[in-house]
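**Q** Residue numbers (our numbering), protein chains in the order written: chain B, 1 to 226; chain D, 1001 to 1151.
The C-beta atom is built at its ideal place from N, Cα and C for all residues, glycine as well.
Being a predicted model, the structure only gives us computed values, none of them experimental.
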Amino acid sequence: MFVLVVGGGKVGYYLTKELIESGHEVVLMEKDRIRAAQIVDELGSIVVAQDGCEGKFLRMAGANRADIVAAVTGDDEDNLVICQMSKHHFDVPRTIARVNNPKNEDLFRHLGVDELISPTRMALGSIEQDIPVHELLHLAALENELEIIEAQLQADSPAVGKSPSDIVVPEGCSLFAVVRDGVATPLRPDTILREGDKVIAIGRADCEVALHEQLIGSIDEEPATA
Amino acid sequence: MKYVIVGCGRVGAALAEAFDHAGHDVLVVDTSTRAFDRLPVEFKGQALRGDGTDEDVLRRAGAEGADVFLALTEGDNRNVMAAQVAMEKLAVGKAVAKINDPVRAAAYADLGIATLCRTTMQADAVLGFLGFGSTGMPAVIAAVPHVHQED
């Protein structure tokens, strides 16, 4: 597999290193010459010391035969342009972009970036998992604006004592598993939900409010515990 | 008509002044408030400090549904992204991105974004003045009707 990595910061450097170690062909683009020279010293002559946003240099680095282009610079706009140029100008089958502003995720997907890495979203997810709130928890973002969501049921949650068929879920949304006492089981029609259950659902991001109300309770209530 | 201009450099400021003078509703966005010194004192439009590629910033400033959106900062990629945010998220009527790299300008023109390329415009002007043929690269491209390739 030939992977073109653009951006020689920490992410780009370690990504390149790992890829080389697992036997892939890798070229790294880093426009800062001093940084590029440093990486050459450590990883060998696999660095093109040019701006990966310029079509001319992308071609020079082999974008026209790359299987994957990973744009991992610190600037969202650069990563977007690198992916769009790769995809539309060089027909790269798979593009990956680092996204710093979570708000840009939608736009990037919409504009044809295949895969997104969002450090902000990941950190946010980890923090939310550590805080006992009875909000919905985002476990993973999937394509087409779908996401996997976890809802922890409280004593006064409307879903407690009900089976899945009694719960009206928003259209385009489905409940598929329950985690009870650390054990995950698929939701069956005869499962009766209890306090403390974590219900795992998959659905569109805009179903969240309705899902929250059906499972956990009305959103504007003050949390009982914090 | 509502005009949004991202990047209050010489060109941005000159256009803001012209649109304002013609009685239109003008919003100028720049990351530096000093850039607004280029606007004339009698400018009646809105000048807002902020990142013009940030959807939230643009939305709060009231850029949604603007008739014309011009991305004229010094960063080609910032302009490309701002123009795409404006078209995809804010439903503006027309968006133009200044892209000074001719290769990138041509590539984005193919994707249906109206681009303005200073490099080509100036090179062509000089070549024309000296009696040479033009560079043959596009300088200003009218946006083709926006069609999504996927979905």
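Taking the Cβ atom as the reference point for each residue, do leucine 19 of chain B and valine 26 of chain B lie within a distance shorter than 7 Å?
**A** In the first sequence, counting from the first residue as 1, residue 19 of chain B sits at position 19. In the first sequence, counting from the first residue as 1, residue 26 of chain B sits at position 26. Taking 7 Å as the Cβ cut-off, leucine 19 of chain B and valine 26 of chain B qualify as a contacting pair.
**Q** Output the distance between the C-alpha atoms of valine 1147 of chain D and glycine 1112 of chain D, rounded to the nearest integer angstrom.
**A** Within the second sequence, numbered from 1, the residue matching residue 1147 of chain D stands at position 147. Within the second sequence, numbered from 1, the residue matching residue 1112 of chain D stands at position 112. Confidence at valine 1147 of chain D is low in this model, with a pLDDT of 44, below 50, so its placement is unreliable and the value that follows should be read with caution. Each residue's alpha carbon lies about 8 Å from the other.
**Q** Would you mind stating whether valine 1085 of chain D and glutamate 1055 of chain D have Cβ atoms separated by less than 7 Å?
**A** For the purposes of this step, residue 1085 of chain D is taken as the residue at position 85 of the second sequence. For the purposes of this step, residue 1055 of chain D is taken as the residue at position 55 of the second sequence. Taking 7 Å as the Cβ cut-off, valine 1085 of chain D and glutamate 1055 of chain D qualify as a contacting pair.
**Q** Using C-beta distances below 7 Å, list every residue in its chain close to aspartate 190 of chain B, excluding the 5 sequence neighbours before and after it, in chain order.
**A** Position 190 of the first sequence, counted from the start, is the residue given in the question as residue 190 of chain B. For aspartate 190 of chain B, where only same-chain residues beyond five positions count, the Cβ hits under 7 Å are Ser163.
**Q** Where valine 228 of chain B and phenylalanine 1019 of chain D are concerned, what is the direct C-alpha to C-alpha distance, given to the nearest angstrom?
**A** Nothing can be reported for residue 228 of chain B: it is not among the residues displayed for chain B, which extend from 1 to 226.
**Q** Looking at the secondary structure, which residues open and close the alpha helix (DSSP H) in which proline 1102 of chain D lies?
**A** For the purposes of this step, residue 1102 of chain D is identified with residue 102 of the second sequence, where counting begins at 1. 1102 to 1110 is the extent of the alpha helix (DSSP H) around proline 1102 of chain D.
**Q** Determine the extent of the beta strand (DSSP E) in which threonine 185 of chain B is found, giving its start and end residues.
**A** Position 185 of the first sequence, counting from 1, holds the residue named residue 185 of chain B. That run of the beta strand (DSSP E) goes 183 to 186.
**Q** Isoleucine 117 of chain B and valine 6 of chain B - do their beta-carbons sit closer together than 7 Å?
**A** Position 6 of the first sequence, counted from the first residue, corresponds to residue 6 of chain B. Position 117 of the first sequence, counted from the first residue, corresponds to residue 117 of chain B. Contact: no.
**Q** Of all the residues that make up the region 1077 to 1088 of chain D, which are near chain B by a beta-carbon distance shorter than 9 Å?
**A** Taking 9 Å as the Cβ-Cβ cut-off against chain B, the residues of the region 1077 to 1088 of chain D that qualify are Asn1077, Arg1078, Asn1079, Val1080, Met1081, Ala1082, Gln1084, Val1085 and Glu1088.
**Q** Of the residues that make up the region 1040 to 1065 of chain D, which ones have a beta carbon closer than 8 Å to any beta carbon in chain B?
**A** Against chain B - using a Cβ distance shorter than 8 Å - the residues of the region 1040 to 1065 of chain D are Thr1053, Asp1054, Glu1055 and Asp1056.
**Q** Give every residue of the same chain whose Cβ lies closer than 7 Å to the Cβ of valine 1140 of chain D, excluding the five residues on either side of it in the sequence, and list them in chain order.
**A** Taking the second sequence and counting its residues from 1, one reaches residue 1140 of chain D at position 140. So the qualifying residues of the chain are Leu1116.
**Q** Count the other C-beta atoms from every protein chain shown that fall within 10 angstroms of the C-beta of methionine 1087 of chain D, then say buried if there are 16 or more, exposed otherwise.
**A** Numbered from its first residue, the second sequence carries residue 1087 of chain D at position 87. Buried, because 16 or more other Cβ atoms sit within 10 Å of the Cβ of methionine 1087 of chain D.
**Q** Rounded to the nearest angstrom, what separates arginine 230 of chain B and leucine 43 of chain B at their Cα positions?
**A** Chain B is shown from 1 up to 226; residue 230 of chain B falls before or after that span and cannot be answered.
**Q** Is there at least one Cβ from chain D nearer than 7 Å to lysine 103 of chain B's Cβ?
**A** Locating residue 103 of chain B in the first sequence gives position 103, where the first residue counts as 1. True, the Cβ-Cβ gap to chain D drops below 7 Å.
**Q** For the region 164 to 187 of chain B, which residues have a CB atom closer than 8 Å to at least one CB atom of chain D, in sequence order?
**A** Taking 8 Å as the Cβ-Cβ cut-off against chain D, none of the residues of the region 164 to 187 of chain B qualify.
**Q** Is there a C-beta anywhere in chain D that falls below 7 Å from the one on glutamate 77 of chain B?
**A** Here the question's residue 77 of chain B lines up with position 77 in the first sequence. With 7 Å as the cut-off, glutamate 77 of chain B counts as an interface residue toward chain D.
**Q** Mind listing, in chain order, the continuous alpha helix (DSSP H) runs of no fewer than 4 residues lying wholly within the region 32 to 83 of chain B?
**A** 33 to 43 and 55 to 60, all fully within the region 32 to 83 of chain B.
**Q** As a quick exercise: from B:Phe108, B:Met60, B:Ser165 and B:Gly125, pick the residue whose alpha carbon is nearest that of glutamate 143 of chain B.
**A** Reading the first sequence from its first residue, position 143 is the one you call residue 143 of chain B. Of the listed residues, the one whose Cα sits closest to glutamate 143 of chain B is B:Phe108.
**Q** Flag this pair as touching only if the region 1117 to 1133 of chain D and the region 1099 to 1106 of chain D have three or more C-beta atom pairs under 8 Å; answer yes or no.
**A** Counting Cβ pairs under 8 Å, three or more are found: they touch.
**Q** Counting only Cβ-Cβ distances shorter than 8 Å, please list the residues of the region 54 to 83 of chain B near chain D, keeping chain order.
**A** Listed by position, the residues of the region 54 to 83 of chain B near chain D (Cβ gap below 8 Å) are Glu54, Gly55, Lys56, Asp75, Asp76, Glu77, Asp78, Leu80 and Val81.
**Q** Whose CA, out of B:Ala36, B:Asp75 and B:Val169, lies closest to the CA of asparagine 101 of chain B?
**A** Sequence index remark: in the first sequence, residue 101 of chain B carries index 101 (1-based). Of B:Ala36, B:Asp75 and B:Val169, the residue nearest in Cα terms is B:Asp75.
**Q** Establish whether the CB of valine 1006 of chain D and some CB of chain B are separated by less than 7 Å.
**A** Residue 1006 of chain D sits at position 6 when you count from the first residue of the second sequence. Not closer than 7 Å to any Cβ of chain B, the Cβ of valine 1006 of chain D fails to qualify, so no.
**Q** Return the bridge partner residues of glutamate 150 of chain B from the DSSP annotation.
**A** For the purposes of this step, residue 150 of chain B is taken as the residue at position 150 of the first sequence. Answer by DSSP bridge pairing, in chain order: B:Leu137 and B:Ile200.
**Q** Figure out for me which residue from D:Gly1045, D:Arg1104, D:Ala1107 and D:Ala1106 has the closest Cα to the Cα of tyrosine 1003 of chain D.
**A** Position 3 of the second sequence, counted from the start, is the residue given in the question as residue 1003 of chain D. Closest option to tyrosine 1003 of chain D, Cα to Cα, is D:Gly1045.
**Q** Below 9 Å between beta carbons is the criterion; list the residues of the region 1104 to 1135 of chain D that meet it against any residue of chain B, in chain order.
**A** Hits within the stretch, in order: Arg1104, Ala1106, Ala1107, Tyr1108, Asp1110 and Leu1111.
**Q** Chain B partners of aspartate 1101 of chain D, CB-CB under 7 Å?
**A** Taking the first residue of the second sequence as position 1, residue 1101 of chain D is located at position 101. Glu54, listed in chain order.
**Q** Report the partner residues of glutamate 115 of chain B according to the DSSP bridge assignment.
**A** The residue given as residue 115 of chain B occupies position 115 in the first sequence. Partner(s): B:Ile96.
**Q** Per DSSP, what are the beta-bridge partners of alanine 1071 of chain D in this structure?
**A** Taking the first residue of the second sequence as 1, we reach residue 1071 of chain D at position 71. Alanine 1071 of chain D pairs with D:Val1006 and D:Ala1097.
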